[in-house]
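Peer 1: Numbering (our numbering), first residue to last: 1 to 314.
Shown below is the structure under consideration.
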Amino acid sequence: MYHYVRPPCPELPYFRFLALDDFCRQLDYFEREFGFVSYDDFTGVLDGRAAAGNGVVLTFDDGVVDHYAHVVPELVRRGLWGIFYVPTGMYATGKLLDVHRIHFLLGRFGGPAMIDAAREIITDDMLSHAHVDEFRHMTYARQVNDAATTEFKRILNYYVSYEHRETVLDKLMRRSPAEDNLVRQYYVEPALLADIERQGMIVGGHSVSHPVFSKLDEADQRREIHDCFDFLDRATGGLRLRTFCYPYGGFHSFTPATERLLAEAGCRFALNVEARDAVDADFRKRPQALPRYDCNAFPHGQSRLQNQQLATSD
Ligand SMILES: [Zn+2]
1 MYHYVRPPCP ELPYFRFLAL DDFCRQLDYF EREFGFVSYD DFTGVLDGRA
51 AAGNGVVLTF DDGVVDHYAH VVPELVRRGL WGIFYVPTGM YATGKLLDVH
101 RIHFLLGRFG GPAMIDAARE IITDDMLSHA HVDEFRHMTY ARQVNDAATT
151 EFKRILNYYV SYEHRETVLD KLMRRSPAED NLVRQYYVEP ALLADIERQG
201 MIVGGHSVSH PVFSKLDEAD QRREIHDCFD FLDRATGGLR LRTFCYPYGG
251 FHSFTPATER LLAEAGCRFA LNVEARDAVD ADFRKRPQAL PRYDCNAFPH
301 GQSRLQNQQL ATSD
């Protein structure tokens, strides 16, 4: 599982990403140690025509522009393929998805500055009752970007009640250039998704708004799945196959209903985050929750310090 993969980006001094040259080194490492699974072998396992062998399958989440600009060309050069999981909500709203607004703001301004900005905006009535005291007594090491980054995420993910979160982020985003331009700079244009598939890749669904599915009722879960696949079908002229990956991932992030809804939507398999190999039994017994490793579990997969201090970003 990869997210951002790009060359250095000085305009976002605190941004956390995998450097493109580290990505290439990691591909070399995978080739040497495990080899890659071809698309035909992979669909063979999926169809039950073949047993799962050894090797790596590459996946890239969030539809960020890095994938079209840097990853696809590198994979094509090496004769490899990958699965690109794309959320769709930002194309309709003209706003970055909340998860990416947080990455962007931290990447551009750093944790301490964002905590100061959040404190100016957030009033007591925006806090969820359980967390008022924690917010008031919040301590963070003023000079340590890592600690401040974690705390800024905690403010937005836990302290601010859910109905105020978007308003707070709307206000914080006014510190940066017009957001609809940012959407074009941040994500792969829908018109290019067909081209990604033409180059031998798979485009998969990653929801509309990147929610935690386990927090949604069944009707909203269904909408997030169907609207996403409908959008991607229109954009690509028909997806090669339907596959999905859960926003955030981990067993807490979806429910048995999510797996059922995906199967009903014709989704062939869905990816979770669970750090172990996918074996035959997974494909046969629970194809809507296949395990997957984060790239940072392997050599060269860590984001490097771009500035003096490192911002974390999940
Ligand atoms: Zn994601």
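In this text, a Cβ means the ideal position worked out from N, Cα and C, and glycines have one as well.
Whose C-beta lies closer than 6 angstroms to the C-beta of tyrosine 85 among residues of the same chain, with five residues either side of it excluded?
Peer 2: Asp61, Gly204, His206, Cys245
Peer 1: Which two residues bound the contiguous beta strand (DSSP E) that contains phenylalanine 84?
Peer 2: 82 to 86
Peer 1: Near arginine 222, what residues of its chain come up, given a Cβ to Cβ distance below 6 angstroms and the 5 sequence neighbours on each side ignored?
Peer 2: Leu261.
Peer 1: Could you spell out the range, first to last residue, of the alpha helix (DSSP H) harbouring phenylalanine 231?
Peer 2: 218 to 236
Peer 1: Exposed or buried, asparagine 181, counting other C-beta atoms within 10 Å across all chains shown (16 or more means buried)?
Peer 2: exposed
Peer 1: Compute every distance between the C-beta of aspartate 62 and the non-hydrogen atoms of ligand 1, then say whether any falls below 6 angstroms.
Peer 2: yes
Peer 1: Need the endpoints of the alpha helix (DSSP H) that alanine 281 sits in, please.
Peer 2: 280 to 285
Peer 1: Do you know how far the Cα of valine 208 is from the Cα of aspartate 227?
Peer 2: Using only the alpha carbons, I get a separation of about 7 angstroms.
Peer 1: Below 6 angstroms, is the gap between the Cβ of proline 247 and the nearest heavy atom of ligand 1?
Peer 2: yes
Peer 1: Residues in the same chain with beta-carbon distance under 7 angstroms from methionine 138, minus the five sequence neighbours each way, listed in chain order, please.
Peer 2: Glu151
Peer 1: DSSP puts tyrosine 2 in a beta bridge; with which residues?
Peer 2: Phe60
Peer 1: Does arginine 223 come within less than 7 angstroms of chain B when only Cβ atoms are used?
Peer 2: The structure shown contains no chain B; it holds only a single protein chain.
Peer 1: Can you check which of these residues, Pro10, Tyr29, Asn54, is closest to alanine 278 by C-alpha distance?
Peer 2: Asn54
Peer 1: How long is the line joining the alpha carbons of aspartate 280 and methionine 1, rounded to whole angstroms?
Peer 2: Roughly 20 angstroms separates the two Cα atoms.
Peer 1: Check whether the segment 6 to 24 touches the segment 106 to 119, taking contact to mean three or more Cβ pairs, one atom from each stretch, closer than 8 angstroms.
Peer 2: Yes, the segment 6 to 24 touches the segment 106 to 119.
Peer 1: Please classify cysteine 9 as buried or exposed, where buried requires at least 16 other C-beta atoms within 10 Å of its C-beta.
Peer 2: Per the 10 Å Cβ criterion, exposed.
Peer 1: In the segment 31 to 77, which residue ranges form an unbroken alpha helix (DSSP H) of at least 4 residues, counting only runs that do not cross its ends?
Peer 2: 39 to 46
Peer 1: Give me the Cα-Cα distance between glutamine 185 and arginine 6, rounded to the nearest whole angstrom.
Peer 2: 13 angstroms
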